[in-house]
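Residue numbers (UniProt numbering), protein chains in the order written: chain A, 1 to 453; chain B, 1 to 453.
Number of protein chains: 2
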Amino acid sequence: MAPLQHKFQLDESEMPTRWYNIVPDLPAPPPPPLHPVTHQPVGPDDLAPLFPMDLILQEVSTERYIDIPEAVQDIYRMWRPSPLYRAHRLEKALGTPARIYYKYEGVSPAGSHKPNTAVPQAYYNQLAGIRKLTTETGAGQWGTALAFACSLFDMECEIWQVGGSYDAKPGRRTVIETFGGTVHRSPSRLTSAGRAFPEDHTGSLGIAISEAVEVAAQHEDTKYALGSVLNHVLLHQTIIGEEALLQLAKAGESDVDVVIGCTGGGSNFGGLAFPFIREKLAGRMNPVIRAVEPASCPSLTRGEYRYDYGDTAGFTPLMKMHTLGHDFVPDPIHAGGLRYHGMAPLISHVYELGLMEAIAVEQTECFAAAIRFARTEGIVPAPEPTHALAATMREALACRESGEEKVTVTALCGHGLLDLAAYEAYLKGAMVDSGLSDTDLESALAAVPSVAG
Amino acid sequence: MAPLQHKFQLDESEMPTRWYNIVPDLPAPPPPPLHPVTHQPVGPDDLAPLFPMDLILQEVSTERYIDIPEAVQDIYRMWRPSPLYRAHRLEKALGTPARIYYKYEGVSPAGSHKPNTAVPQAYYNQLAGIRKLTTETGAGQWGTALAFACSLFDMECEIWQVGGSYDAKPGRRTVIETFGGTVHRSPSRLTSAGRAFPEDHTGSLGIAISEAVEVAAQHEDTKYALGSVLNHVLLHQTIIGEEALLQLAKAGESDVDVVIGCTGGGSNFGGLAFPFIREKLAGRMNPVIRAVEPASCPSLTRGEYRYDYGDTAGFTPLMKMHTLGHDFVPDPIHAGGLRYHGMAPLISHVYELGLMEAIAVEQTECFAAAIRFARTEGIVPAPEPTHALAATMREALACRESGEEKVTVTALCGHGLLDLAAYEAYLKGAMVDSGLSDTDLESALAAVPSVAG
């Protein structure tokens with residue numbers, strides 16, 4: 001019997017050299033962001049205090065492909081192309097005829113997909129003469145990635161970390177400092193947005209974004225970097241899906257049945273899924289595209305599609321997106337990277353166009369899936385992609401019933417070695433589900449004022 | 001300008017299918033282990049209570065190559081061949097003409113080189129009908145690897161972890177439990193070897209080995225597994241050096257000037273270095289082979305070469321090795337994996353034959369090197385290989401002075417994401433060196449009774 005092949009690698013020379021922009025391929029253009037005060041569509045100049053012009057032009061681009069600068073490619077090649085794995089041992093353990101593939105981004109310096117956008121963001125800022133970047137981080141994956149990226153370009157990096165994560169995960173802070181970044185607990189006393197909350201507040205991504213934006217807007221040589229949600233961030237992440245398509249071809253899979261990704265702000269999901277949606281729109285394959293979100297923060301499946309702010313203080317432009325409300329504070333579930341009140345406007349738009357579907361999963365199901373995955377595939381997943389793994393296992397078990405040999409592809413967007421408290425809680429039997437019943441959620445949503453649109 | 005190549009990968013089909021045994025290539029055979037009571041050379045039957053016969057035969061083998069079983073190869077391919085990196089960014093930061101290569105074992109399920117031997121050890125035990133393996137672990141890398149390997153073969157895994165590490169690193173325990181292993185703090189109350197020490201004792205590898213050996217010896221269906229020191233363990237690790245040689249050829253390096261590895265028990269070092277020593281003995285290249293050990297546990301550079309026990313209680317055979325004495329308790333330095341009183345007998349023998357050299361380095365120099373490495377190469381190294389990185393940087397800086405374009409190869413045997421307390425201490429300026437002055441060390445060594453030989 002020929003040996004099983006576990007990894008489908010690409011050489012560095014085979015790495016895609018362009019990012020894919022889904023906008024020109026969509027049947028309708030996405031609604032524009034609106035100015036937070038005037039409620040008029042924002043132009044490039046409105047965004048200039050926060051972002052360098054190269055990134056703003058990517059944000060509004062209608063070009064199908066954008067070249068990855070050579071300096072960024074050179075850094076990508078430190079860990080890219082990332083491996084695509086066939087989960088032979090998991091398939092066997094599940095007794096499924098499905099073929100399960102996962103694209104693993106945990107090989108990056110930050111242990112997740114986040115450096116795919118942190119590196120170009122730092123690069124374009126440095127080109128524009130910027131000396132320092134500010135940002136927020138929840139679980140810490142994004143802060144780690146940006147600190148790493150800034151270290152490569154000799155820039156400072158100042159990070160507001162959601163208070164609850166800051167307290168629970170000192171290891172994450174140490175990694176960020178090892179890469180040369182500075183970390184503040186949010187809400188901090190350094191900003192007016194932070195001082196609006198008590199110092200011991202557990203914080204939220206919305207508050208931390210307000211703090212980082214406030215500092216960036218006050219200094220000429222400082223800009224802000226966002227780790228998800230925006231078009232240019234999703235654009236940078238499309239290298240995941242582009243590589244996966246090349247690797248699936250090497251694995252002899254010309255067709256894919258299901259593409260599954262977890263969604264918080266949407267960058268991992270968009271990065272994997274958009275190139276597959278292009279293939280679908282072009283009629284080259286016809287996969288189901290499925291987003292998986294936590295039951296306790298179900299923006300796509302339960303949020304309203306309307307204009308809302310990206311942050312708690314209302315500093316950001318209004319974006320049309322599926323939102324639970326910009327002052328919605330999600331339950332402290334373990335997948336900190338998915339605790340965001342809104343969904344990327346571009347993914348919200350794609351969802352409204354009927355090009356994808358979404359489900360919500362409780363965290364105990366996710367961690368049961370994660371333990372099974374670790375014991376068969378040997379990787380301890382980050383809490384976020386455990387949602388995608390749980391949905392993948394649902395699909396694989398359905399195939400066991402139906403006998404279908406479906407090809408599923410998912411993004412294992414990071415490892416969980418800096419998020420072990422979640423595993424400890426699960427193994428002790430101390431993890432609880434969101435308990436966010438339908439009634440609770442209705443009342444939580446009813447309390448959220450509609451802003452515009 | 002052609003893009004720089006950072007990673008030299010091998011396809012799964014190019015993975016070596018044999019382990020290399022250095023014994024038949026050495027100019028003199030290594031001294032045999034002696035029975036702990038009779039002081040006569042031990043035969044295979046003496047080791048049978050602890051190890052399955054397949055491993056015992058590997059321990060005493062004089063065959064140059066041993067085939068890797070297909071079932072083991074299949075598991076290796078989940079992460080192997082591991083990448084060889086060229087450290088372009090580090091070279092640039094150091095301003096050195098040296099070409100620095102590192103073989104990265106952190107991509108494995110345990111995040112280190114340890115699964116290379118854990119998997120075959122579990123495999124051969126399962127073949128022999130064994131239901132459970134016991135072992136010790138210090139920093140936790142080895143316990144993680146064995147728990148993972150046992151999970152693949154449906155075996156139980158019971159681990160005694162050095163008390164100080166158990167207390168300081170709850171994350172490591174969680175990973176072991178995620179892989180299905182059971183962890184006890186050592187000294188435990190479960191064994192007579194453990195009960196000989198107060199319950200709150202910080203423990204040592206020697207004590208933890210005694211506990212694991214005691215339990216294995218008492219049960220028919222239970223054997224013991226050791227993560228370093230023994231011949232068969234070093235044998236399994238030679239896949240590191242064999243792959244590195246193939247990868248260096250792909251990188252166009254037919255000659256290597258310096259091979260550098262950190263040494264605790266010796267398995268990482270032997271795994272990298274032995275295939276290079278074969279090349280040296282055959283006259284195909286002439287590298288300097290350099291072991292790097294911690295200044296606070298300098299078995300090769302300061303220990304005596306004589307027969308000593310592998311554990312504190314004296315249950316193991318006597319092995320001729322460089323030793324600080326089996327009751328030497330090293331300072332609690334951060335590189336827990338290097339805190340072993342002795343050196344692998346095979347490495348001790350190779351050292352006595354003049355085929356390699358050794359140096360000792362203080363830990364603050366190591367962590368300064370690690371921070372520099374993380375900020376250029378994007379990987380946070382485990383505390384153990386920071387010793388090899390420090391020595392590599394010394395060599396690279398010497399090349400900057402001399403202008404020599406030396407080719408250096410080192411083993412980055414694991415990542416440090418579960419050992420961040422060391423980085424936190426370093427970044428805070430709270431890390432201290434061993435302070436084990438010459439006088440202190442002399443008196444520590446003088447207190448150690450000579451056992452035999």
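Glycine is no exception: its CB is placed at the ideal position from the N, C-alpha and C atoms. Just so we're clear, the structure is a prediction, and the values are computed from it rather than from any experiment.
- Under DSSP, no beta-bridge partner is assigned to Arg284 (chain B).
- Taking the beta carbon of Phe148 (chain A) as reference, the chain B residues within 7 Å of it are Gly378, listed in sequence order.
- The criterion of a C-beta distance shorter than 8 Å is satisfied by Phe179 (chain A) and Ala374 (chain B).
- The secondary-structure analysis by DSSP pairs Leu318 (chain A) across a beta bridge with A:Leu34, A:Tyr309.
- Unbroken alpha helix (DSSP H) stretches of 4 residues or longer found wholly inside the stretch 154–216 of chain A: 163–168, 170–178, 192–195, given in chain order.
- With its beta carbon at least 8 Å from every one in chain A, Arg18 (chain B) lies outside the interface.
- Under the Cβ criterion (8 Å, minimum of three pairs), the stretch 381–394 of chain B counts as touching the stretch 336–356 of chain B.
- According to DSSP, Ala422 (chain A) shares a beta bridge with no other residue.
- DSSP places Ile66 (chain A) outside any alpha helix (DSSP H); the residue lies instead in the beta strand (DSSP E), whose first and last residues are 65–67.
- Under a criterion of Cβ atoms nearer than 8 Å, the residues of chain B adjacent to Ile371 (chain A) are, in order, Thr178.
- Cβ proximity to chain A below 7 Å picks out Leu420, Tyr423, Glu424, Leu427 from the stretch 420–436 of chain B.
- Here DSSP, grouped into helix, strand and coil, assigns Gly337 (chain A) to helix.
- A straight-line Cα-Cα distance of about 31 Å links Arg185 (chain A) and Tyr305 (chain A).
- Residues of the stretch 147–174 of chain A with a C-beta atom less than 9 Å from some C-beta of chain B are Phe148, Ser151, Leu152, Pro170, Gly171, Arg172, Arg173, Thr174, listed in chain order.
- The count of Cβ pairs closer than 8 Å, one atom from the stretch 276–292 of chain A and one from the stretch 31–42 of chain A, stays below three, leaving the stretches out of contact.
- Looking at the DSSP output, Leu248 (chain B) bridges to nothing.
- For Leu84 (chain B), the enclosing beta strand (DSSP E) starts and ends at 84–86.
- Any Cβ of chain A closer than 8 Å to the Cβ of Pro120 (chain B) would place that residue at the interface, and such an atom is absent.
- Apart from sequence neighbours up to five positions away, the residues of its chain that approach Ser267 (chain B) with a beta-carbon distance below 6 Å are Ser228, Val233, Leu234, Gln237, ordered along the chain.
- Chain A has a Cβ within less than 8 Å of the Cβ of Met78 (chain B).
- For Ala196 (chain B) and Leu50 (chain B), the gap between their C-alpha atoms comes out near 22 Å.
- Shown here for Glu91 (chain B): same chain residues with a beta carbon closer than 6 Å to its own, the five before and five after excluded, namely Ile100 in chain order.
- Annotated three-state conformation of Ala139 (chain A) is coil, per DSSP.
- Cβ-Cβ separation between Ile240 (chain B) and Asn116 (chain B): approximately 7 Å, consistent with a contact (criterion under 8 Å).
- Counting the other Cβ atoms within 10 Å of the Cβ of Gln218 (chain A) gives fewer than 16, which makes it exposed.
- Contact of Arg375 (chain B) with chain A by beta-carbon distance below 7 Å involves Ser151, Phe179, Gly180.
- If you look at Leu55 (chain A), you'll find it in the alpha helix (DSSP H) that goes 53–59.
- Contact annotation for Glu12 (chain B) against chain A: Pro3, Gln5, His6, Lys7 [CB-CB distance below 8 Å, chain order].
- Each residue's CA atom was taken as its position, placing Lys223 (chain A) and Gly95 (chain A) some 51 Å apart.
- Between the stretch 256–273 of chain B and the stretch 406–417 of chain B, the count of C-beta pairs closer than 8 Å reaches three or more; the two stretches touch.
- Residues of chain A whose Cβ lies closer than 8 Å to the Cβ of Val107 (chain B) are, in chain order, Val107.
- Residue pairing by DSSP puts Phe8 (chain A) in a beta bridge opposite A:Leu84.
- Interface criterion met: the Cβ of Asp74 (chain A) is under 8 Å from a Cβ in chain B.
- Only residues of its own chain outside the window of five on either side were considered, and among them Gly342, Met343, Pro345, Ser348 have a CB closer than 6 Å to the CB of Met321 (chain B), listed in chain order.
- Pairing Glu365 (chain B) with Cys157 (chain A), the inter-Cα distance amounts to about 25 Å.
- Rounded to the nearest angstrom, the Cβ distance from Ala421 (chain B) to Ala313 (chain B) is 29 Å, too far for a contact under 8 Å.
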